[in-house]
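Peer 1: For the protein sequence lines, the chains are V and U, in the order given. Counting in the working numbering, the first sequence runs from 12 upward without gaps. Counting in the working numbering, the second sequence runs from 1184 upward without gaps. In this text, a Cβ means the ideal position worked out from N, Cα and C, and glycines have one as well.
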Amino acid sequence: MMHVCKKIKVVLVSLLLLGCDGEGTLLDLYPFEPIVNAETRVLIQDNQLIYARLHGRLHIDGTTEKGWFSTPDNFQSFDFEDRPWPIAQGVLGFADGLLVHAIPNGATWLLRFSEDDGKTWETSEGPGAAVSLMQVAVTANQTVWLLGAQEIGGNSRLLLYRIDLPDKRAELWYTKDNTTPLAIGFLGRENGWLLYRGQYEAAEGVRIGTTVDGGREWTERSAISRVTSPSLTLVDANRLLVYDRAGRTFLSSDGGTSFEEVAIGTGEIISCQSAGENVVYALLDQGVAKSSDGGKSWSPLEAGAHGVRITGTAMDFYNEQRGIVYGPDRLFFTVDGGKSWRMGVYPYDYVLE
Amino acid sequence: MIVRRLGKKTGWIGILLLASLRLNAQQEVPVYLEGEFGVDRFGEASIRSVFPAGAVIRLGAAFALADQGRLRLRPQGGVKYFGNKIDEEITEQLLVIKAGVQASYDVFFIGQATFFPYLGVDYNWVSNFDMEDYGEEDATYSENYLRGSGMSQEIGLRVQIREWYVKAGYELFRPRLRAKRSIIEDDLAGGYLTPSSHAFRFNTLNISIGFSIQP
């Protein structure tokens, strides 16, 4: 009986299916849309993002290894111009619409300047190749500082160059013998902070020097122990953050005279950026943290977009609310102070096909 | 699982019909047992390309009411089935279970042929799944990829000769179907945003043959 029922069922189904071979499936007609523009593959396939800057609401300009890009609408549309990045080596610094790239070039350093986020460049000659450049710092009024070191007969010498934009000539501005340079930061042309270490001092400490005369004279203000390769972020004239990749962070609220240790979060700190009077963002290896009191207390942000954690190698905040985080193959942006994030570029399979 | 649910729904429809007939017998209102079988074809080309044609079965009890029994009201239930053979073993299926009411009116006749324009309203449960049949054992059914429900309206004409009739109608049906959660999650992981539901235009043209008997 069961056998007969089965046969009847098979016959009925076969009759119903007669001539019913369709194309595709109903699910194929269900709508879906790609999260990122697949055309952005030109930015990350056999290529990588090097620098990006948020100009306004959704306008982002930047450079990749192979060219310059500009998008007015978070990569829904964008321009890309082939313009190969000269070489991967070198030191990059940017602020106030000025991008400065120092690259070794034979016997000297070649300095490249761009005021349009990498679309066009002007060049000038920098320090000699014997100088090891550590950092290019661009201040708000487009003054450029080069921090470097030179080894002469066992003497490690700190060198600071200043470049004024009109003539683009690197002028040796300050030197200090038996000193290892670590980081530098300026607010305006006159007030600056310098992180350095004595040549024979332990690698876990850092000294903080300040200048009020545009870098001609530096005064040691304080020292911090237990920091290995520190970076410096200036919040304002009184507040500065000194941190290393391991996550140890110190905040000064008196211009560098004293420091207190603060906790940003777990994991490595990639960079910090002041985005307003009291708002500071920290890009971590596993997310983003935010401080709303000038760096004293920090909260990790629920930083994710469409199930992807926000990660990158650099960030750029246009103001307290709007900013981007990017890496070689990705770019995210927020317009609400990090509460929510959207994707501009991401290496999904359909992008890299 | 899906077949069991289908059985439950059609079972309830059968019980309601029998109850209607018994009630009618007590009240002595003329009632006809009606059943029909037909073919359906989607109006939307994109959906028609997936399911070129389908089958429909309906059963109902028609009450002859006003105007000397010329107005007929028929509570009804039915099933629509569309198949799309993906390969030798797998067939995509679209199943629509229907329950509603149909009103028809005996407007005129020519010879033995009586003409009934009709209007119908149904509530529909839609499910879309795969059937795998390797011939050796019972077929297996996947979970629903898409499912949902909604109201449909049908308008048409029925021509009846004695107990047999032919009818042609057009059904307006725009159900909102929800995608299976894992599909949405897989799409998201792949970089696609998929809405949780979507309204499909399932309008169909159907032609059926049927019977109408007084028990």
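In chain V, which residues lie less than 8 Å from LEU1277 (chain U) when you measure between Cβ atoms?
Peer 2: Under the 8 Å cutoff, chain V gives LEU37.
Peer 1: Which residue from U:ASN1267, U:LEU1216 and U:GLY1266 puts its Cα closest to that of PHE1246 (chain U)?
Peer 2: Nearest option by C-alpha distance: U:LEU1216.
Peer 1: What does the Cβ neighbour count give for ARG1384 (chain U), buried or exposed, with the cut at 16 atoms within 10 Å?
Peer 2: With fewer than 16 Cβ atoms within 10 Å of its Cβ, ARG1384 (chain U) is classed as exposed.
Peer 1: Could you give the residue range of the alpha helix (DSSP H) that holds ALA1372 (chain U)?
Peer 2: Here the alpha helix (DSSP H) through ALA1372 (chain U) covers 1364–1372.
Peer 1: Could you tell me which of U:PRO1258, U:GLU1346, U:SER1365 and U:GLY1333 sits nearest to ALA1382 (chain U), measuring between CA atoms?
Peer 2: Considering only alpha carbons, the answer is U:GLY1333.
Peer 1: In the DSSP assignment, the beta strand (DSSP E) including ARG1231 (chain U) goes from what residue to what residue?
Peer 2: Not the beta strand (DSSP E): ARG1231 (chain U) falls in the alpha helix (DSSP H), residues 1228–1233.
Peer 1: Helix, strand or coil: how does DSSP classify GLN1251 (chain U) here?
Peer 2: In the structure shown, GLN1251 (chain U) sits in a helix (DSSP, three-state: H, G or I).
Peer 1: For VAL142 (chain V), does the three-state DSSP call read helix, strand or coil?
Peer 2: Correct three-state label for VAL142 (chain V): coil.
Peer 1: Please return the same chain residues whose Cβ sits closer than 6 Å to the Cβ of GLY101 (chain V), not counting the five positions on each side in sequence.
Peer 2: Closer than 6 Å at the Cβ level, and outside the excluded window around GLY101 (chain V), lie HIS112, ALA113 and ILE114.
Peer 1: For the stretch 1373–1390 of chain U, list every residue whose C-beta sits within 9 Å of some C-beta in chain V, in sequence order.
Peer 2: Residues passing the 9 Å Cβ filter: GLY1373, GLY1374, TYR1375, LEU1376, THR1377, PRO1378, HIS1381 and PHE1383.
Peer 1: Counting only C-beta atoms, is PRO42 (chain V) closer than 8 Å to chain U at any point?
Peer 2: With 8 Å as the cut-off, PRO42 (chain V) counts as an interface residue toward chain U.
Peer 1: Does the stretch 1369–1377 of chain U come close enough to the stretch 1349–1357 of chain U to have 3 or more Cβ pairs within less than 8 Å?
Peer 2: No: fewer than three Cβ pairs fall under 8 Å.
Peer 1: Entirely within the stretch 316–354 of chain V and at least 3 residues each: give me those beta strand (DSSP E) ranges in chain order.
Peer 2: List check, beta strand (DSSP E) in window: 325–328, 334–338 and 341–345.
Peer 1: Report the residues of the stretch 1255–1279 of chain U with a CB closer than 8 Å to any CB of chain V, ordered along the chain.
Peer 2: If the cut-off is 8 Å between Cβ atoms, the stretch 1255–1279 of chain U has TYR1264, PHE1265, GLY1266, ASN1267, LYS1268, ILE1269, THR1274, GLU1275 and LEU1277 near chain V.
Peer 1: Check whether the stretch 302–310 of chain V touches the stretch 333–343 of chain V, taking contact to mean three or more Cβ pairs, one atom from each stretch, closer than 8 Å.
Peer 2: Touching, no, given that fewer than three Cβ pairs across the two stretches are closer than 8 Å.
Peer 1: State the DSSP-derived secondary structure class of ASP1321 (chain U), mapped to helix, strand or coil.
Peer 2: Note: ASP1321 (chain U) maps to coil in three-state DSSP.
Peer 1: Under 7 Å from any heavy atom of the ligand SAH, does the C-beta of GLU1217 (chain U) make it?
Peer 2: Absent from the structure shown: the ligand SAH. Ligands present: none.
Peer 1: At least one CB of chain U closer than 8 Å to the CB of ASP360 (chain V): is that the case?
Peer 2: True, the Cβ-Cβ gap to chain U drops below 8 Å.
Peer 1: In whole angstroms, what separates the C-alpha of ALA118 (chain V) from that of SER135 (chain V)?
Peer 2: The alpha-carbon atoms of ALA118 (chain V) and SER135 (chain V) are separated by roughly 14 Å.
Peer 1: Taking Cβ to Cβ, would you say ASP178 (chain V) is nearer than 8 Å to VAL149 (chain V)?
Peer 2: Against a cut-off of 8 Å, the Cβ pair of VAL149 (chain V) and ASP178 (chain V) comes out as no contact.
Peer 1: Would you please verify whether the beta carbon of PRO45 (chain V) is less than 8 Å from any beta carbon of chain U?
Peer 2: It does; some Cβ of chain U falls within 8 Å.
Peer 1: At a cut of 8 Å, does the stretch 1309–1318 of chain U reach the stretch 1276–1284 of chain U through at least three beta carbon pairs?
Peer 2: Flag = yes, the stretch 1309–1318 of chain U and the stretch 1276–1284 of chain U touch.
Peer 1: Just the C-alpha distance for MET9 (chain V) and LEU69 (chain V), rounded to the nearest angstrom, thanks.
Peer 2: Only positions 12 to 364 of chain V appear in the structure, and residue 9 (chain V) is not among them; the question remains open.
Peer 1: Grouping DSSP H, G and I as helix and E and B as strand, with all else coil, what is HIS1381 (chain U)?
Peer 2: HIS1381 (chain U) falls in the strand class under three-state DSSP.
Peer 1: Using a Cβ-Cβ cut-off of less than 7 Å, list which residues of the stretch 1214–1236 of chain U approach chain V; keep chain order.
Peer 2: Taking 7 Å as the Cβ-Cβ cut-off against chain V, the residues of the stretch 1214–1236 of chain U that qualify are SER1229, ILE1230, SER1232, VAL1233, PHE1234, PRO1235 and ALA1236.
Peer 1: Residues of chain V with CB closer than 8 Å to the CB of ALA1247 (chain U), please, in chain order.
Peer 2: In chain order: nothing, as chain V lies at least about 33 Å away.
Peer 1: DSSP state of ARG237 (chain V), grouped into three classes?
Peer 2: Here ARG237 (chain V) sits in coil by DSSP.
Peer 1: So what's THR75 (chain V) in DSSP terms, helix, strand or just coil?
Peer 2: Strand.
Peer 1: Would you identify the three-state DSSP class for GLN284 (chain V), choosing helix, strand or coil?
Peer 2: If DSSP states are grouped into helix, strand and coil, GLN284 (chain V) belongs with the strands.
Peer 1: So with CB distances below 9 Å, who are the chain U contacts of ASP340 (chain V)?
Peer 2: Those within 9 Å of ASP340 (chain V) in chain U number zero; the least Cβ separation is about 13 Å.
Peer 1: Measuring CB to CB, does THR191 (chain V) end up less than 8 Å from ARG173 (chain V)?
Peer 2: Contact: no.
Peer 1: Per DSSP, what kind of secondary structure is THR260 (chain V) in: helix, strand or coil?
Peer 2: Strand.
Peer 1: Could you tell me whether the Cβ of LEU1189 (chain U) comes closer than 8 Å to any Cβ of chain V?
Peer 2: Low confidence applies here, because LEU1189 (chain U) scores a pLDDT of 49, under 50, leaving its location unreliable; read the following figure in that light. LEU1189 (chain U) does not count as touching chain V.
Peer 1: Within the stretch 1236–1311 of chain U, note down every full alpha helix (DSSP H) run reaching 4 residues or more, in order along the chain.
Peer 2: List check, alpha helix (DSSP H) in window: 1249–1252.
Peer 1: So which residues of chain V does LEU1242 (chain U) contact, with C-beta pairs closer than 8 Å?
Peer 2: What LEU1242 (chain U) touches in chain V: nothing, since even the nearest Cβ is about 17 Å away.
Peer 1: For ASP32 (chain V), which residues in chain U fall below 8 Å Cβ to Cβ?
Peer 2: Simply PRO1235, ASN1267 and LYS1268.
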